[in-house]
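Asks: Chains as they are written, first to last, in UniProt numbering: chain A, 1 to 112; chain B, 1 to 400.
Ideal Cβ placement from N, Cα and C applies to all residues, glycine included.
On a predicted model such as this, the values are computed, not experimentally measured, just so you know.
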Amino acid sequence: MTFTAGNYTGKLTVTELPEGGIWTEPGSSLMRKTGDWKTLQPVWDGQKCISCLTCWAYCPDSCFKTEKVLNEKTGKEDVKNRGIDLDHCKGCGICAAVCPPKVAAITMEKAR
Amino acid sequence: MTATTIIKQLTVAKTGNEAMADAMRQVNPDVVAAYPITPATEIAQIFSSFVADGMVTTDMVTVESEHSAMSATIGAAAAGARAMTATASQGLMLMAEMLPIAAALRLPIVMPEVNRAISGPINIHCDHSDTMFCRDAGWLQIFSENAQEAYDNVLQAVKIAEDPRVHLPALVTTDGFIISHGMETIKILPDDEAKSFVGEYKPNYSLLNHEKPITVGSIDLQNYYFEHRIPMIEAMKTAKDIIKQVGREYGEKYGRFYDLIEQYKIDDAEVALICLGSTAGTAKDVVDALRTKGQKVGLIKIRVFRPFPVEDLAAALRNLRAAAVFDRSDSLSGYGGPVFTEVCSALFNSENKPKIVNYIYGLGGRDIDIHTIEAVYDRLNKLKDAQDTGEIVSYLGVRK
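(1) Can you pull out the residues from the stretch 215–229 of chain B whose beta carbon lies closer than 7 Å to at least one beta carbon of chain A?
(2) Under 9 Å, CB to CB, which of the residues in the stretch 12–26 of chain A have a partner in chain B?
(3) Take residue 401 of chain B as the anchor and find which of B:Asp30, B:Gly217, B:Ser71 has the nearest alpha-carbon.
(4) Distance cutoff 8 Å, beta carbons only. Does histidine 210 of chain B sit that close to anything in chain A?
(5) By the 9 Å beta-carbon criterion, what residues does the stretch 40–69 of chain A contribute toward chain B?
(6) Give me the residue from A:Asp36, A:Ile94, A:Ile106, A:Ser51 with the minimum Cα distance to valine 79 of chain A.
(7) With the cut-off set at 8 Å, would you say isoleucine 261 of chain B and leucine 320 of chain B are in Cβ contact?
(8) In terms of alpha-carbon separation, which member of B:Arg399, B:Ile373, B:Lys355 lies closest to threonine 389 of chain B?
(9) Ignore the nearest five residues each way along the sequence and tell me which others in asparagine 381 of chain B's own chain have a CB closer than 7 Å to its CB.
(10) Our contact map puts isoleucine 37 of chain B next to asparagine 17 of chain B with C-beta atoms below 8 Å; I'd like the distance itself, whole angstroms only.
(11) In whole angstroms, what separates the C-alpha of threonine 85 of chain B from that of histidine 228 of chain B?
(12) Distance check for threonine 215 of chain B and tryptophan 23 of chain A, CA to CA, integer angstroms please.
(13) Against chain A, which members of the stretch 104–125 of chain B pass a CB distance test of less than 9 Å?
(14) Which whole runs of the alpha helix (DSSP H) in the stretch 224–296 of chain B are 4 residues long or more, in chain order?
(15) Mind listing which residues of the stretch 83–103 of chain A have their C-beta closer than 8 Å to chain B's C-betas, in chain order?
(16) Flag threonine 74 of chain A as yes if its beta-carbon sits less than 8 Å from any beta-carbon of chain B, otherwise no.
(17) Can you name the start and end residues of the beta strand (DSSP E) that proline 42 of chain A belongs to?
(18) Going by CA-CA distance only, name the one from B:Ala157, B:Ala33, B:Arg116, B:Lys202 that's closest to alanine 23 of chain B.
(19) Once you ignore the five residues that flank methionine 1 of chain A on each side, which residues in its own chain have a CB closer than 7 Å to its CB?
(20) Is there contact between the stretch 37–56 of chain A and the stretch 98–111 of chain A, where contact requires at least three CB pairs shorter than 8 Å?
(21) Can you check which of these residues, B:Tyr224, B:Glu342, B:Val310, is closest to lysine 11 of chain A by C-alpha distance?
(22) Can you give me the Cβ contacts of alanine 40 of chain B inside the same chain, cut-off strictly under 6 Å, excluding the 5 residues immediately before and after it?
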């Protein structure tokens, strides 16, 4: 991603804007900290998590951080869950709902 | 309309719908998404047979509603395709939500549209209430007087809309049944000539270019919405020059000249009628007949309603003493039709201006004949010397 938030001062004039109101580079949503909208926040327990990544697939805001880790037994890379980007999570609770009941690694708590 | 034509043109008998479909065939758009509606159904229907017969390379999308037709057309245009659709009346109303979005995204979609009364009561015949309902949507609006103009206007509209200085969508209208289903002898350009006149479309951006990802149609609040609306307004103003340029070029090449307005026997006229669409053809006959009786009458046809030709109208009306604005729709504002109020506002700051009255006529396809138009000229001839203007807004041919 090449998005540079600094280019978007909020003060561009008519002639400086691209035609049709388009964004000419991807990644502008990184600028918006939508995380402060939430009333409930997910709390992720890394000890319980089995990295099935169901929450990662279901999250509407792509807020699950992942990491590739070498599995010494298989010699292949595993994708591990590394928790939630709370700057952008809106607290919808889908991750907690889809987390397998036997695992229950995500619980919803009051945000503030 | 009688300049020497260098290019040999084909003389054919076509209805307005056939003429517009044929112009679309020559344009060969990348995508056409359409839904049928009387009296515009034939345009997409005839065009779909061109697709089936392999005469065009268009991707034809048969959608489930006009809202989808316009949405698919917008999507295709945002992907960088030359995209078209066609509709009328309720179809245009269902598209209404999407129309200003096409304009704001600066997508040069060209849409043949057949003027038909809007419900209710439900009616399939001609008036201009559908097109007028969408007059503030940011679309260019070009009205045709007959099938010949409908054909010429579609070709020109593509060139105008796609001009980088304009990049606005365009409606090309005909009058329902009067033009759309009336067979006329028209001249059409050879296919290769039409193609080269329209030229190749170079889109500004493409949603499908994954090398250069962009966001189209994102939310735009207090700090930028205003700045994003201004270029549309500027483009609408610039479009006036481009429409004139393209109309002149078309005339020089093919013998039929076009402008924002057409002035018929206006030079020495004292009174004139101002109208749009097919009624101009009828009114020209009346002007000719009255001229043989020595009356100084003329006609101003507004070909382009959006952008509104303020300067041209003010100049054309400067030396007139009385004028009647013909509106084929009523604004339901309690003060006449949209053409009337806009013509009046165009003249408000002019020093020299005629007395102006408004006639609402032909709603729901009610016929307008030469005797009715003659009676209006009679009134204008009296009005030009009268102290009192009398009734400002009148309704022609209605039983009271």
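Replies: In short:
(1) Thr215, Val216, Ser218, Asp220, Asn223, Glu227, His228
(2) Leu12, Thr13, Val14, Thr15, Glu16, Leu17, Pro18, Glu19, Gly20, Gly21, Ile22, Trp23, Thr24, Glu25, Pro26
(3) As displayed, chain B neither begins before 1 nor continues past 400, which places residue 401 of chain B out of reach and without an answer.
(4) Counted from its first residue, the second sequence places residue 210 of chain B at position 210. Not one chain A Cβ lies under 8 Å of histidine 210 of chain B.
(5) none
(6) As a first step, residue 79 of chain A is located in the first sequence; it is residue number 79 there, counting from the start. Among A:Asp36, A:Ile94, A:Ile106, A:Ser51, the Cα nearest to that of valine 79 of chain A is on A:Ser51.
(7) Here residue 261 of chain B refers to the residue found at position 261 when the second sequence is read from its first residue. Here residue 320 of chain B refers to the residue found at position 320 when the second sequence is read from its first residue. In this structure, isoleucine 261 of chain B lies away from leucine 320 of chain B, with their beta-carbon atoms at least 8 Å apart.
(8) The count along the second sequence starts at 1 and reaches residue 389 of chain B at position 389. For threonine 389 of chain B, the nearest C-alpha among the options comes from B:Lys355.
(9) Taking the second sequence and counting its residues from 1, one reaches residue 381 of chain B at position 381. Val271, Gln295.
(10) Within the second sequence, numbered from 1, the residue matching residue 37 of chain B stands at position 37. Within the second sequence, numbered from 1, the residue matching residue 17 of chain B stands at position 17. In fact, because the Cβ distance is near 12 Å, the residues do not count as touching under 8 Å.
(11) For the purposes of this step, residue 85 of chain B is taken as residue 85 along the second sequence, with counting starting at 1. For the purposes of this step, residue 228 of chain B is taken as residue 228 along the second sequence, with counting starting at 1. Between the C-alpha atoms of threonine 85 of chain B and histidine 228 of chain B there is a straight-line separation of about 26 Å.
(12) Walking along the first sequence from the start, residue 23 of chain A turns up at place 23. Walking along the second sequence from the start, residue 215 of chain B turns up at place 215. Roughly 5 Å between the two C-alpha positions.
(13) Ala104, Leu105, Arg106, Leu107
(14) 225–254, 279–292
(15) none
(16) Residue 74 of chain A sits at position 74 when you count from the first residue of the first sequence. Not an interface residue.
(17) Here residue 42 of chain A is taken as the residue at index 42 of the first sequence, counted from 1. 40–44 is the span of the beta strand (DSSP E), which, as asked, contains proline 42 of chain A.
(18) In the second sequence, residue 23 of chain B corresponds to position 23, counting from 1. Per the Cα distances, B:Ala157.
(19) On the first sequence, position 1 is the one that residue 1 of chain A refers to. Because the pLDDT of methionine 1 of chain A is 40, which lies under 50, any placement of that residue in the model is unreliable, and the number read from its coordinates should be weighed accordingly. Correct list, in chain order: Pro26, Gly27.
(20) yes
(21) As a working note, residue 11 of chain A is residue 11 in the first sequence. Nearest of B:Tyr224, B:Glu342, B:Val310 to lysine 11 of chain A, Cα basis: B:Tyr224.
(22) Numbered from its first residue, the second sequence carries residue 40 of chain B at position 40. Closer than 6 Å at Cβ, skipping near neighbours: Ala86, Thr87, Ala88, Val114.
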